[in-house]
Amino acid sequence: MIMKSELTFDQSRQLQGRLQLANSFLNGKARAVIGIQGSTVEKKIVVTEQILNLLHKYVDASMNQTCPKSGAVYLLEEHFQEVIPVCVDQCLLLGRLDILFGTIYDEFSADMIAKGVFLECLEPYILNDKLTSIPPHVMKDFVEHYRDKEMVPNVEACIVHMDIASLDIHQVVSLCWAYGLFDAIIYVYNNGMNDYVTPLEELIQLLKAALSTGNQLSDNQIRLGNKILVYVSCCLAGRAYPLGDIPEHLVYEVKEGIWKCLTCLHTKDPMEEEPPYPILRLLLRYNTREFLNVLSLAFAEPEFDLDNTDPNAVQSRQRIVDILLQIMVGSMGFSPAQVGFLFTFLARQMAKYENSIIVDRLLFDQVLEFLSTPSEECGHEEREQAFLELLNTGGLGDADEEKLLQLAEKAKFNRVCEVLYKRRREFDKILLCYLRESTGRPLVFNFIHLVMTESVYSEPEKEAVQKEALNQLEELIHIDANETAQLVLQDFAAPLGEIVRQMEDNPKLQLEFLQGVFEGRESGTVPPQGHPPPQIYELYLELLCRFKKETVLNFVVTSDGYRLEDALQIVRNYKLSDATAYLLEKAGDIHGAFGILQESLLAKIKALMEVAEIGPENYNKNEGSLQLANIQVTMMVVVQLCQRNTGSMDEKQRETLWFSLLDTVMTSQKRLKLVLTEEHFESFKDMSRHVLNSMMGYISLPSILQKIMQDPAYNVGKFGEMKELLLGMLDTYT
């Protein structure tokens, strides 16, 4: 009998510290215990008794002195959630679960809230496998409490962690069936009775009832069906459900029992109308593809590879395949898609186990016919993969290769066709397979290069591949113009000009290909040896003028394979002033180049005038800024032209160029002053100053001053503006 004593609140709090101190001795962490005589074992016995005494005082205090006397329910729950884990930890440490589930549980049970918290506190200990055994009367309270709080799934999670011997199996099984706790049902049967077949049979009946209604399955019914498939797969692999392994001495018995259950001709108490092999039939109806996947995994188990000459043995691939064919092909009730899944399964199994599965030749033809027939339900990739596996593993045996190729071509099985073409050394047709297959398109260039360079391919084979590649040139260019150019220049014997002429009806394709040739040469991906003839350069230049004008100047500047007069004529025809000016300068016609650029500059100034003359209220500032930027670019080009070339001219020639440019700028400035905003006019004046400053390195200062003072064109208005211009020149000069 435990004597109760009145404890203050502080004293009850101190009990936790005293319990921890006592625990440190039991754990071997305390160095010594003062006041206790005897051996270490005797001391531990004494300390244990003292801990239990303290624990009872702690429980008593928590139910009386420290327990909140009033307030919300959650305050009581929080109080007991702090107290009860201390009790559980102490009893687990001492190995005294009899105390935990005896006097301590009895005390907490006196209060409904304390009892509920106690039962819920057990859950984490169970899930962490610290508490695997609970007395039946406590387990009964545990189940009922969770049931009342509609937390039955938590019970299932706990059951699969518990020692079956501690459970009231009848109580637990009844609860599990009532609430659909299928994992717990399986656990109890498997671990409590070593029975792996009964739960499968019982769950199958539930699934059968669900399917028999003809209605769409609910989420819970789908979970049931999926659970059955996983359970069967685990059992046939020797794995425990849902985790771990079946005891080794039971593995063979479990596997054989499950196979017998699956392949039974009839159930134990069959209805009169029950068809043959009802369980296999049911699972195939539920989810054909996934159940066949389960069988595929099971077929890989070692017992199927034993030297078993009896085709009727339970674990015989042939027997199971024969039953599947009888169920799905020899009777009604399955859709073409479901039968298709079976054929795909058969094709793969025959490819894997060619000597252990024999299928009637006619049925074999049906398999191939199915695999090569388009179907929305069974995807192209899946059917092709099955066909390919059969082909690669020799599963097709002595099948007519011509017929196989016809089927593969009809089905557009490009990977299958590739294998068959390779056997027939029809490498030009393999090229087409690469082009049709999205994943193979980038690889086509390596394939062509390999054929064209390796000695294992004959000259006729190489010629056939080159011919087909040239026939597919447009497709190859669209995939990668640089790679195509590399093939043509490096691997093909055909002249570049001849290949380009093949595309003359498609100038954009010509451009794309030649872009690959020239850009590939610059980047190094196309071999630099053997410059293209000038006609190719000029054709490319003309195509750029037609379709990519913005790149023309860069091309004529960076290339030198074209004929100057021909290139000049091309860019003149397309009125590309910058490129024309560059080529004229390159030809030595500096004045001609200057004239072209000056015309371009005047045209851009005119465009700015048109934007500005609509009036300040309608003036588009952004458009004005854009036109100013265009003027600045062209003006820089003209200035650089003059700087590059006037150094080698006599004084008169220099003045002719520079003063002509200055006239253009200053005359335009005078006109623009009347229409531009102050900000934009200042920007133009900056350009004028730049021209003046630039020419001072080539024209003497007195000549410039004389020109400005005498020429009416430079009468820019107020004396202040003239002064500003002159001072800027003097700053540059000094």
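In this note's numbering, the protein residues as written are 37 to 770.
Note that CB positions come from ideal geometry on N, CA and C, so glycine has one too.
Source: prediction; values computed, not measured.
Asked                                                                                                          : Found
Paired residues, beta bridge with Asp527 - DSSP                                                                : BP columns for Asp527 are empty, so no partner.
Where Asp686 falls: helix, strand or coil (DSSP)                                                               : coil
Residues bridged to Asp281 [DSSP beta-bridge criterion]                                                        : Arg275
Contact set for Ala193: own chain, Cβ-Cβ below 7 Å, skip 5 residues either direction                           : Leu163
CA-to-CA distance, Cys123 to Leu111, given in whole angstroms                                                  : 19 Å
Buried or exposed by the 16-neighbour rule on C-beta atoms within 10 Å, applied to Gln742                      : exposed
Proximity of Leu697 and Met745 at Cβ, strictly below 9 Å                                                       : no
Identity of the residue in Glu548, Leu443, Leu279, Ala146 nearest Asn100 by Cα                                 : Ala146
Residue ranges of each alpha helix (DSSP H) within the stretch 167-203, 4 or longer                            : 172-184, 188-195
Ile740 versus Val673: straight-line alpha-carbon distance, rounded                                             : 21 Å
Classification of His115 by the beta-carbon crowding that lies within 10 angstroms, buried from 16 upward      : buried
Whole runs of the alpha helix (DSSP H) within the stretch 608-676, excluding any shorter than 4 residues       : 613-622, 626-648
Sequence-distant residues of its chain with Cβ nearer than 7 Å to Ser719 (five each side left out)             : Leu664
Outcome for Gln522 when other beta-carbon atoms lying within 10 angstroms are tallied against a minimum of 16  : buried
Buried or exposed by the 16-neighbour rule on C-beta atoms within 10 Å, applied to Gln241                      : exposed
Sequence-distant residues of its chain with Cβ nearer than 6 Å to Gln73 (five each side left out)              : Residue confidence is low: Gln73 scores 49 on pLDDT, short of 50, so the model does not pin down where it sits. No coordinate-derived value is stated.
Burial state of Phe649, where buried means 16 or more other Cβ atoms lie within 10 Å                           : According to the sequence displayed, residue 649 carries Glu and not Phe. Answer is exposed; the Cβ neighbour count stays below 16.
The stretch 507-526 contacting the stretch 470-490, beta-carbon criterion three pairs below 8 Å                : yes
Glu601 classed as buried or exposed, judged by whether at least 16 other C-beta atoms fall within 10 angstroms : exposed
N- and C-terminal bounds of the alpha helix (DSSP H) containing Gln571                                         : 570-583
Nearest-angstrom beta carbon gap, Asp219 and Val196 [assumed within contact, 8 Å]                              : 6 Å
Pairwise C-alpha distance: Leu579 and Pro543                                                                   : 7 Å
Status (buried if at least 16 other CB within 10 Å, exposed otherwise) for Ala444                              : buried
Cβ neighbour criterion (16 or more within 10 Å) applied to Ile393                                              : buried
For Gly280 and Ser202, the rounded distance between their alpha carbons                                        : 21 Å
Alpha helix (DSSP H) runs wholly inside the stretch 442-488, at least 4 long, in chain order                   : 450-459, 463-472
Segment contact flag, the stretch 241-260 with the stretch 275-293, C-beta cutoff 8 Å, min 3 pairs             : no
Cys671, buried or exposed, once every other Cβ within 10 Å from all chains shown has been counted against 16   : It should be noted that the sequence gives Met, not Cys, for residue 671. The residue in question, Met671, is buried, as its Cβ has 16 or more Cβ neighbours within 10 Å.
Local conformation of Tyr223 per DSSP, three classes                                                           : helix
Residue burial classification, Asn654 (beta-carbon count within 10 angstroms, cutoff 16)                       : exposed
Cβ neighbour criterion (16 or more within 10 Å) applied to Arg317                                              : buried
Cβ distance (whole Å) where Cys157 is taken to contact Leu236 below 8 Å                                        : Their Cβ separation, rounded to whole angstroms, is 36 Å, which puts Cys157 and Leu236 out of contact at 8 Å.
Which of helix, strand or coil DSSP assigns to His567                                                          : coil
Exposure of Thr168, with buried meaning 16 or more beta-carbon neighbours within 10 Å                          : exposed
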